[in-house]
Amino acid sequence: MSNDFQPSRVRVGIIGAGQLALMMGEVAHDVGVETIVLATNVDDAAAHSCDEVVLGEAKDLGAVSKLASVSQVITLDHELVDLEQLARLEREGIVVRPSSDALRFAVDKAYQRQRFLEAALPVPRFIIIRTTADPLLESFLEQLPNEPVLKAPRGGYDGRGVLFPRSRDETFEMIEQLSHHGDVLVEERLELQSEVAQLVVRGVDGTLALYPLVTTVQANGMCVEVRYPAEVSETLKEQSAALARKIASLVQGVGVLAIEFFVTSEGLFVNEIALRPHNSGHWTIEGATTSQFANHLLAVSGQPLGDTSARVAHAVMVNVVGADTPGSLEAARRIPGIFIHDYAKAWRPGRKLGHVTSVGDDAHEAHVRAWQGAQAFGTVMKEV
Ligand code: ADP
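In terms of this note's numbering, the sequence shown opens at residue 1 and continues consecutively.
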């Protein structure tokens, strides 16, 4: 017998220890994976489900190197990372999936818009500027029917870093405000009929597996509810699948790729992408044959992908975002027909604390139950 003991599970190091890493950890052993999370605190959400915790910051090279030294492959739970550092580790032979090149699409919205435009993908009209004095600005604004949407290309999430000015003066003021932090993405404010999300998993060998399209409902820039199936035409579903294949081949990421689309009278526009399991895919835990978390780990550990088809007629997922006072998990647990996911995070108003999913044959019933559960749990979100 050899002394070179090879653990039978692939050791996947995860940068970040939030709810996505928590839910990866919950299914890891089922797919032959052990998770080691890079956490800032011992009580971060994912510390409850992982096999091992490494303490440190996501942008600290020493900490990420330490994580790499006890892992066979590195993946991520968020995009607040230093791409140059990751690229350096890759050059040293550390396997990062998705790669730093692929991650750039998700870390930098301006880069993403530019690359997608070059690839003839449908994106809102945009410019990238550094100051209000940029000569491009006036003529761009003149072309638009409304005031634009302003975005900080890096570091924003859940609507942070996305501004909706209501007048020309406000547009200039807000650009000034955002420009203190770097470039500003100024884009056309589209008339949205709805928003949908397409999840696609890409294996190490480039194989793609697409989840069915879902509707995402947003309020104040934050996702409130996700519904499977998406209430859009078959033509739009086909358009979404074709765009997803094109984007996945362009980005070349390994693992889950989430694409958020705007639905307009002119068809789909790409809003943004994420290269990790995504809020719009939480319904797959109960609603699909293989959850997005299992599939992400299968992909990054180099295994064949799991079946992405739905195994329920309807699924509704509602996020739980902390209200001023905590709700009652016990009360939520008394509601029949729901699955409660508690992220084990300390209560704080405005913080994403969990989600509730309901599945079944009746769309309305699933919607009502999921909302009852989320409200009992104590969400500040309003039913929309
Ligand atoms: P984040 O990265 O913080 O999630 P997004 O860029 O997805 O921010 O924007 C949040 C929400 O703001 C979107 O889901 C959408 O409802 C709205 N939004 C963003 N960009 C536009 C746009 N160009 N036109 C209309 N609505 C937009």
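We put the beta carbon where it would ideally sit given N, CA and C, even for glycine.
This one's a predicted model, so the numbers in the text were calculated from it and none came from an experiment.
- Here the distance from the Cβ of Lys-345 to the nearest heavy atom of ligand 1 is not below 7 Å.
- Distances from the CB of Leu-86 to the heavy atoms of ligand 1 are all 7 Å or more.
- Around the C-beta of His-341, 16 or more other C-beta atoms lie within 10 Å, and the residue is accordingly described as buried.
- Under the 10 Å beta carbon count, His-314 is surrounded by 16 or more other beta carbons and is classified as buried.
- By the neighbour-count definition (other C-beta atoms within 10 Å, threshold 16), His-278 is a buried residue.
- Taking C-beta atoms as the reference points, Leu-208 and Val-256 fail to come closer than 8 Å.
- DSSP places Arg-245 within a helical segment (H, G or I) once states are collapsed to three.
- For Met-222, the pairing in a beta bridge is given by DSSP as Ala-219.
- Annotation for Lys-151: the continuous beta strand (DSSP E) segment containing it runs 149-151.
- The DSSP assignment places complete beta strand (DSSP E) segments of no fewer than 3 residues inside the region 102-134 at 126-129, in order along the chain.
- When beta bridges are read from the DSSP output, Val-263 appears opposite Ser-194 and Leu-268.
- It is roughly 15 Å from the alpha-carbon of Ala-197 to the alpha-carbon of Val-123.
- Between Leu-150 and Val-186 the beta-carbon gap is near 6 Å, inside 8 Å, which marks them as a contact.
- Ligand 1 has no heavy atom closer than 7 Å to the beta-carbon of Glu-173.
- By the Cβ rule, the region 329-338 does not count as touching the region 290-298, because fewer than three pairs are nearer than 8 Å.
- Annotation: the continuous alpha helix (DSSP H) that includes Gly-25 extends over 19-28.
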